[in-house]
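Residue numbers (our numbering), protein chains in the order written: chain F, 182 to 412; chain R, 31 to 404. All C-beta atoms in this analysis are idealised placements derived from N, C-alpha and C, irrespective of residue type, glycine included. Report on the following structure.
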């Protein structure tokens, strides 16, 4: 079946998967930390953190891409510093696409994880405390496993959204074949190219298949996790 | 094996000022109406809440002292805490729930000790199950085992029976009795149910509106007439701890000895030598000045009137000292006058065997439980 696709299309698919996996994986640990703080923490500025986390949801993706460009571009202070000291270049690279996808989909992860942490009886953590468990111990052995369904749901939503991210990516890292041309960008390019309608249709079908597969896998995983966490 | 508590705490406009000490192993009930501050008190002892000021000492070791700024975190206090809602970890099997505290204990239980606890609580068949599949009584037993296996120096039970129906309750009560008799550590039971307290407690601390209003052995406190309203007893009763002397198998009776005499009661399911807790309602005790001849009641206990309090309506409550025990009798004021009852008067209490409410205080089935010894 892969012979139906051109090497460039396969490349776009693989790149999309790579960007989405890296974006979700990189955003997951901070998302868990922020979700825990928002769910259980009582500190000044909590409302501010809450709105900041949700900013990517309400800002137009193009604006997010623009903000990333002026922060992480090679001539922007932060981008130049990262390049000079760590050799990390986000501008016009697939890593930049992953960064854009990670930031755009961060609120999905935080929301889902936070809801699942809030649903955990705080009394369980108290019980663990009387049994000799310190704060990190309780987080790792009680909170985290019980929040697993939410973490999984958040990661899957974020993964799907990362696969589909268009505006922020094209604004921040442009549309470079083999580097930043993910599936949505490839579809866009095909539509722009005269005679590219069939290519666009193929890529769209691929996107749909990917989304449906993702949904099925998510449901299977969610069921398994629910059983494991005894709910 | 001691607990000393002297704490003050304010919360939601409520002031709690508690002071009591437990100086022997055994079960002490924190007893009082709902909202009197009992649960808050044990949360303060456990370290889950921090008192505003005061001092808490367990086995001679201070765990909280506002004067020196000492406040040991709950996880370092080694206090076994059984919550009303059990609070088992839903994602862990019963076995891993039991091991949770044991694995973190500086002094983990040996496999033999672990086996003892599992056997005593009758949870061996549940080890592979998840908490979601357990009944309320089973959950409480697992929670009890989880707390015991951390080898605590003190056990706190927050209304462990309150959420259970009568059937579940009678399923767990014998386990609590066995635990009380086998454990060598103080157990503090929070309860507002008089029946449970009378059956389980050795000592009572009566709590009302955030204060400790009375404390002492259960037999003494529950027979104090001035505490009737506070202990929520609709009518007074005597609580007597007695020893099984022998059984009259043919007659279906058992003779019990207590520190005020001997009593025949309906057959007690306990071996001679075992301790049983008896409850006798004051209304079931008759008084006579002379030993009555030809009477169906078989128990005649000599005593001396130690106090008379007016009861509801035409009744009054007579407090008798019989040797080392206290018996209450509710009779009409007219009878009291007719008999000329007054403090110091020698009388004979007449008790029908049928009116003695016996609660077998289970013999220590596991006489030495190393897992619970400290």
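Original post:
Could you give the C-beta distance for residue 266 of chain R and residue 358 of chain R, rounded to a whole number, given that I count them as a contact under 8 angstroms?
Top reply: 5 angstroms
Original post:
residue 186 of chain R and residue 52 of chain R look like a contact to me (Cβ under 8 angstroms); what is the Cβ gap, rounded to whole Å?
Top reply: Contact flag wrong, Cβ pair sits at about 12 angstroms.
**OP:** Would you decide whether residue 360 of chain R is buried or exposed? Buried here means 16 or more other CB atoms lie within 10 Å of its CB.
**Re:** buried
Original post:
What did DSSP end up calling residue 390 of chain R once you bin it into helix, strand or coil?
Top reply: A caution first: residue 390 of chain R carries a pLDDT of 42, below 50, which makes its placement in the model too unreliable to give a value.
**OP:** Return yes when the Cβ of residue 179 of chain R is within less than 8 angstroms of the Cβ of residue 120 of chain R, no when it is not.
**Re:** no
Original post:
When DSSP builds the beta bridges, which residues end up paired with residue 188 of chain R?
Top reply: R:220
Original post:
In its own chain, which residues sit with a C-beta less than 7 angstroms from the C-beta of residue 162 of chain R, not counting the 5 before and 5 after it?
Top reply: 120
Original post:
Shorter than 8 angstroms from the beta carbon of residue 314 of chain F to some beta carbon of chain R?
Top reply: yes
**OP:** State yes or no: is the beta carbon of residue 303 of chain F nearer than 8 angstroms to at least one beta carbon in chain R?
**Re:** no
Original post:
Using a Cβ-Cβ distance under 8 angstroms, would residue 323 of chain F count as near chain R?
Top reply: yes
**OP:** Note down, in chain order, each residue of its chain lying with its Cβ closer than 7 angstroms to the Cβ of residue 395 of chain F, except the 5 sequence neighbours on either side.
**Re:** 337, 340, 341
Subject >> In DSSP terms, what residue 83 of chain R is bridged to >> reply: R:38
Subject >> is_contact[residue 69 of chain R, chain F] using C-beta, thresh 8 angstroms >> reply: no
**OP:** Spell out the partners DSSP gives residue 421 of chain F in its beta bridges.
**Re:** Absent from the structure is residue 421 of chain F, since the part of chain F shown begins at 182 and ends at 412.
**OP:** Under the assumption that residue 331 of chain F contacts residue 306 of chain F (Cβ atoms under 8 angstroms), give the Cβ distance between them as a whole number of angstroms.
**Re:** Going by Cβ atoms, the distance from residue 331 of chain F to residue 306 of chain F rounds to 16 angstroms, so no, they are not a contact pair.
Subject >> Rounded separation between residue 214 of chain R and residue 321 of chain R - CA only >> reply: 44 angstroms
Original post:
Mapping DSSP to helix, strand and coil, what is residue 9 of chain R?
Top reply: With chain R represented from 31 up to 404, any question about residue 9 of chain R goes unanswered, as that position is not in the structure.
Subject >> the region 230 to 248 of chain R / the region 39 to 52 of chain R touching (three or more Cβ pairs under 8 angstroms) >> reply: yes
Subject >> Buried versus exposed call for residue 357 of chain F [16 or more other C-beta atoms within 10 Å across all chains shown] >> reply: exposed
Subject >> residue 58 of chain R - DSSP class collapsed to helix/strand/coil >> reply: strand
Original post:
Under a three-way DSSP split, which group does residue 126 of chain R fall into?
Top reply: helix
Subject >> Endpoints, the beta strand (DSSP E) within which residue 234 of chain F is located >> reply: Not the beta strand (DSSP E): residue 234 of chain F falls in the alpha helix (DSSP H), residues 227 to 239.
**OP:** Give the residues of chain F in contact with residue 94 of chain R, contact being defined as C-beta atoms less than 9 angstroms apart.
**Re:** The premise fails here: residue 94 of chain R is roughly 15 angstroms from chain F at the closest Cβ pair, so nothing lies under 9 angstroms.
Original post:
Using DSSP with H/G/I as helix, E/B as strand and the rest coil, what is residue 296 of chain R?
Top reply: strand
**OP:** With 8 angstroms as the C-beta to C-beta threshold (strictly closer), list the residues of the region 333 to 344 of chain F near chain R in chain order.
**Re:** none
Subject >> Bridge partner(s) assigned by DSSP for residue 367 of chain R >> reply: DSSP lists no partner for residue 367 of chain R.
**OP:** Compare the C-beta of residue 328 of chain F against all C-beta atoms of chain B and say whether one is closer than 8 angstroms.
**Re:** Among the chains of the structure shown, chain B does not appear; the protein chains present are F and R.
Original post:
What span of residues does the beta strand (DSSP E) with residue 383 of chain R cover, start to end?
Top reply: From DSSP, residue 383 of chain R is part of no beta strand (DSSP E); its letter is neither H nor E.
Original post:
According to DSSP, is residue 150 of chain R helix, strand or coil?
Top reply: helix
Subject >> Test: residue 398 of chain F CB closer than 8 angstroms to a CB of chain R >> reply: no
Subject >> Member of F:290, F:245, F:199 whose CA lies at the smallest distance from the CA of residue 210 of chain F >> reply: F:290
Original post:
If you compare alpha carbons, which of R:81, R:219, R:125, R:295 is closest to residue 104 of chain R?
Top reply: R:81
Original post:
If we call anything under 8 angstroms between Cβ atoms a contact, is residue 378 of chain R one with residue 293 of chain R?
Top reply: no
Subject >> Listed by chain order, chain F residues near residue 113 of chain R by CB distance under 7 angstroms >> reply: 304, 308
Subject >> Within-8 angstroms CB hit, residue 135 of chain R to chain F >> reply: yes
**OP:** Check whether the region 356 to 371 of chain F touches the region 185 to 197 of chain F, taking contact to mean three or more Cβ pairs, one atom from each stretch, closer than 8 angstroms.
**Re:** yes
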